[in-house]
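**Student:** The structure's right below; bear with me while I get my questions together.
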Amino acid sequence: MSFDLSNAVLRPLSNTKQQSIPVVSTKLSMRDIIDGWKVRWGFGRNRYLVKPGLYACGNPTASSMVLVSANYKLSFDALRKELSGIDAWILVLDTKGVNVWCAAGKGTFGTQEVIRQVKNVGLASLVSHRTLILPQLGAPGVAAHEVAKATGFRVVYGPVRAKDIPAFLKAGMKKTDAMRRVEFRLADRLAVVPVELVHAWPFAVGALLVSGLFWYLSGNLTPAAYFRYAALFLSPLLVGSIFFPCLLPLLPFKAFALKGCVLGSSWSLFAIGIFRLNGMEAASYFLLSTSLISFISMNFTGSSTFTNLTGVKWEVKVGLPIMITAALAGIVIIAVRLSMFLMKG
């Protein structure tokens, strides 16, 4: 699902020494929108790429600004759709189809890749100035002084969000405090929910299997009874994937695993009361549900601005073994309950 050049026109540009450069539209097509929606749900995510290199918006000249982007198409589209009425160059780095923020952390949106692309496209002979505008979220991966030393281009970090680029350029490349601020608002948190739900399908299969065991052990082998248990065991997936991002700022503790544990234990106790579980059923459900919600919650560390690398490593090192132990304990309780049931039979 690489970038379709039907959205671009290869044509000579005025005041350039290049024969032809792809000129991209600043208006997203219906296909762009549909493909972007599919990627949000995890379909074709690893193939949603733009070919690295140089692109043009409008009719840029030698004095037009150069904006740097990742070759993840959602990042590229987020940039180009904000450039309506602006003549500019877009230099796309090869980030292996990863967005700017994650690529900066992994090193693919990095110093050497900026240097390589600047030289590959012959940027020094194309523009009369020596300025590159990089997204602020790419700063952790780029050493501006090394880029300047190797290419002669000065690095300027633009706003966090692409929608602020027109105002940023109009103000002479000066950022307001709001342009610098990194936020993780409700809309941002909900944007990652679809892919989390899709990635949770193995847990959904496991939940349905456990539901079948509880159904069998209940002795009430009616379809309604099975659907009751299925709803009970599928609910933690929805709580972890949807409720957690909604409630994130309100939950206590900084670590997402602990936040998820609070939400998970609260939900588990609520569900135990609503579904009237008792004894071994209640104990098993509490352990399985709480550990699953905590695990799904911890996965959001990769999408959030609330965390740092050290904190994430701590959560994985300390929290994950606890979650696994709790889940195994829940499974052991089910196994004991099953053996007791079979012995009676």
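In the working numbering, the protein residues as written are 85 to 429. Heads up, the beta-carbon is just placed ideally off N, CA and C, and yes, glycines get one too.
Exposed or buried, which one is residue 86 when buried takes at least 16 other CB atoms within 10 Å?
**Tutor:** Only weak support is given to the placement of residue 86: the predicted model assigns it a pLDDT of 45, under 50, and the question is left unresolved by the model.
**Student:** I'd like the ranges of any alpha helix (DSSP H) spanning at least 4 consecutive residues and lying wholly in the segment 249-303.
**Tutor:** Counting whole runs of 4 or more residues, the segment 249-303 contains the alpha helix (DSSP H) stretches 249-254, 261-264, 270-275, 277-283 and 285-302.
**Student:** Give me the residue from 347, 163 and 272 with the minimum Cα distance to residue 327.
**Tutor:** Selected option, being the one with the closest Cα: 347.
**Student:** Could you tell me how far apart the beta carbons of residue 198 and residue 152 are, in whole angstroms, since I believe they sit closer than 8 angstroms?
**Tutor:** Indeed, because the Cβ distance is near 7 angstroms, the residues count as touching under 8 angstroms.
**Student:** On the criterion of 16 or more Cβ atoms from any shown chain inside 10 Å, does residue 265 qualify as buried, or is it exposed?
**Tutor:** So residue 265 ends up on the exposed side.
**Student:** Note down the Cα distance separating residue 237 from residue 324, rounded to an integer number of angstroms.
**Tutor:** Going by the C-alpha atoms only, they are around 46 angstroms apart.
**Student:** Determine the DSSP secondary structure at residue 132, reduced to helix, strand or coil.
**Tutor:** Of the three classes helix, strand and coil, the one that applies to residue 132 here is coil, per DSSP.
**Student:** For residue 105, which three-state DSSP category applies?
**Tutor:** Note: residue 105 maps to strand in three-state DSSP.
**Student:** If you pair each beta-carbon of the segment 405-417 with each one of the segment 366-382, do three or more pairs fall below 8 angstroms?
**Tutor:** The segment 405-417, when compared against the segment 366-382, does touch it at the 8 angstroms Cβ threshold.
**Student:** Using beta-carbon positions only, say whether residue 230 and residue 383 come within less than 9 angstroms of one another.
**Tutor:** The answer is no: Cβ separation not under 9 angstroms.
**Student:** Looking only at DSSP bridge pairs, what is residue 141 linked to?
**Tutor:** According to DSSP, which records beta bridges pairwise, residue 141 is partnered with 108 and 172.
**Student:** Would residue 399 be called buried (16 or more neighbouring beta carbons within 10 Å of its own) or exposed?
**Tutor:** Buried.
**Student:** Starting from the N-terminal side, write out each stretch of the alpha helix (DSSP H) that is 4 residues or longer and does not extend beyond the segment 326-379.
**Tutor:** Correct list: 328-331 and 340-358.
**Student:** Take residue 140 as the anchor and find which of 160, 106 and 167 has the nearest alpha-carbon.
**Tutor:** Checking every option, the nearest Cα to that of residue 140 belongs to 106.
**Student:** Three Cβ pairs or more, each shorter than 8 angstroms: is that satisfied between the segment 287-298 and the segment 341-359?
**Tutor:** Taking 8 angstroms as the limit for Cβ pairs, the verdict is that the segment 341-359 does not touch the segment 287-298.
**Student:** Given this structure, state the Cα-to-Cα distance separating residue 412 from residue 318, to the nearest angstrom.
**Tutor:** Taking the straight line joining both Cα atoms gives about 18 angstroms.
**Student:** Any chance the segment 178-198 sits against the segment 219-227, with 3 or more Cβ pairs inside 8 angstroms?
**Tutor:** Touching, yes, given that three or more Cβ pairs across the two stretches are closer than 8 angstroms.
**Student:** Can you find the residues in the same chain that come closer than 8 angstroms, C-beta to C-beta, to residue 212, ignoring five residues on each side of it along the sequence?
**Tutor:** 146 and 147.
**Student:** Roughly how many angstroms separate the alpha carbons of residue 340 and residue 109, rounded to a whole number?
**Tutor:** About 40 angstroms.
**Student:** Find out if the Cβ-Cβ distance for the pair residue 155, residue 138 is shorter than 9 angstroms.
**Tutor:** No.
**Student:** Roughly how many whole angstroms lie between the Cα atoms of residue 338 and residue 182?
**Tutor:** For residue 338 and residue 182, the distance between alpha carbons rounds to 26 angstroms.
**Student:** Suppose contacts are defined by Cβ-Cβ distances below 9 angstroms. Is residue 410 in contact with residue 372 by that definition?
**Tutor:** Yes, they are a contact pair.
**Student:** Please work out which residues of its chain come closer than 6 angstroms, Cβ to Cβ, to residue 379, disregarding the five sequence neighbours upstream and downstream, and give them in chain order.
**Tutor:** If we look at residue 379 and ignore the five residues flanking it on each side, its Cβ neighbours are 407.
**Student:** If I'm right that residue 201 touches residue 136 with Cβ under 8 angstroms, what's the distance once you round it to whole angstroms?
**Tutor:** Sure, about 6 angstroms apart at Cβ, within 8 angstroms.
**Student:** Compute the Euclidean distance between the alpha carbons of residue 242 and residue 120, then round it to the nearest angstrom.
**Tutor:** Spanning the two alpha carbons is a distance of roughly 24 angstroms.
**Student:** By the DSSP assignment, the beta strand (DSSP E) with residue 215 in it spans what residues?
**Tutor:** First-last of the beta strand (DSSP E) with residue 215: 215-218.
**Student:** Please check the pair residue 377 and residue 344, which I expect to be a contact at CB under 8 angstroms, by giving their CB distance rounded to whole angstroms.
**Tutor:** Indeed, because the Cβ distance is near 5 angstroms, the residues count as touching under 8 angstroms.
**Student:** Alpha helix (DSSP H) containing residue 159: first to last residue?
**Tutor:** Its alpha helix (DSSP H) spans residues 157-164.
**Student:** Give the secondary structure of residue 151 by DSSP, where H, G and I count as helix, E and B as strand, and everything else as coil.
**Tutor:** In this structure, residue 151 counts as strand in the three-state DSSP scheme.
**Student:** What distance in whole Å lies between the Cβ atoms of residue 257 and residue 240, which are believed to be in contact at a cut-off of 8 angstroms?
**Tutor:** Yes, they are in contact, since the Cβ atoms of residue 240 and residue 257 sit about 6 angstroms apart, within 8 angstroms.
**Student:** Taking the DSSP output, what are the residues bridged to residue 310?
**Tutor:** Paired residues: none, contrary to the question.
**Student:** Using only alpha-carbon positions, find the residue among 395, 164, 381 and 165 that is nearest to residue 283.
**Tutor:** Comparing Cα-Cα distances from residue 283 to each of 395, 164, 381 and 165, the minimum goes to 381.
**Student:** Around the C-beta of residue 298, are 16 or more other C-beta atoms found within 10 angstroms, so that it is buried, or is it exposed?
**Tutor:** With 16 or more Cβ atoms within 10 Å of its Cβ, residue 298 is classed as buried.
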